[in-house]
Amino acid sequence: MTGPIRVLLADDQNLVRASFAMLVDSDPGMEVVGQAGTGREAVELARSARADVIVMDIRMPDLDGIEATRLVAADDDLAGVKVLVLTTYDTDDHILEALRAGASGFLVKDIRPADLLAAIRTVAAGEALLSPGPTARLIARVLAAPATPAALGAGGPDALSGRERQVLALVARGLGNTEIAESLGLSPLTAKTHVSRIMGKLGARDRAQLVIVAYESGLIVPGV
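All residue numbers for the sequence shown refer to this note's numbering, where the first residue is 1 and numbers rise by one.
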């Protein structure tokens with residue numbers, strides 16, 4: 001990515017948006033390109049402001065953040081836009097719905113300012129990002145009530161090569177490209193290429209959806 005990361009802030013509380021805007025604009029590698037008070041405004045601004053990352057609250061009037069995320073993810077013109085869901089409502093339902101809707105990350109609002117900026121950089125780079133506590137509950141919930149994810153391509157993990165299945169398993173365990181490369185004796189570039197091919201085969205928007213696919217298909221079992 002060249003130039004600063006373009007960030008769109010969507011939250012129905014003016015004070016929260018203003019605080020986030022000051023924080024984001026204080027980072028020389030980022031700039032706020034728009035602010036929305038409703039989910040519908042967020043979708044409209046996503047189309048006009050050409051943001052790289054949307055920091056999206058879940059509870060908003062007119063259209064909630066999950067449905068707004070779903071609309072952004074379904075719009076081919078917004079294929080490069082990443083959504084980072086940020087909310088005070090740290091619940092299983094919200095985590096699972098946000099990820100299935102197409103969010104690339106999920107964090108609660110009590111996150112430290114520096115961690116929020118790091119999260120924006122992470123999702124802008126195409127990585128998945130989830131709060132550790134919610135992630136553990138997400139996995140347990142997925143296994144307790146499995147459902148076929150919309151991102152799952154024909155054949156699921158069975159359509160992958162043996163090496164690709166190994167890479168998918170490591171992605172699901174939270175490893176980045178460099179860590180995957182070290183684990184499998186590959187170059188970071190080769191690991192990145194494998195991840196990109198897996199996304200293409202499974203029809204996944206990003207690494208967050210690969211995590212959902214891996215657990216819902218039974219490829220990965222927590223604790224094993």
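Idealized CB from N, CA, C, for every residue including glycine.
Take the alpha-carbon of D64 and the one of G185: they are about 44 angstroms apart.
A residue is called buried once 16 or more other Cβ atoms fall within 10 Å of its Cβ, and M60 is buried on that count. Boundaries of the alpha helix (DSSP H) around A49: 39-49. Under DSSP, A36 shares a beta bridge with A10.
The bridge partners DSSP lists for T87 are V108. Residue pairing by DSSP places M30 opposite I5 in a beta bridge. Scanning A98, V43, D62, F106 for the CA closest to the CA of D76 turns up V43. Take A214, set aside five residues on each side of it, and the residues of its chain with a beta-carbon closer than 8 angstroms to its own are P157, L168, A169, V171, A172, I220, in chain order. According to the DSSP assignment, V195 belongs to the alpha helix (DSSP H) that extends over 188-202.
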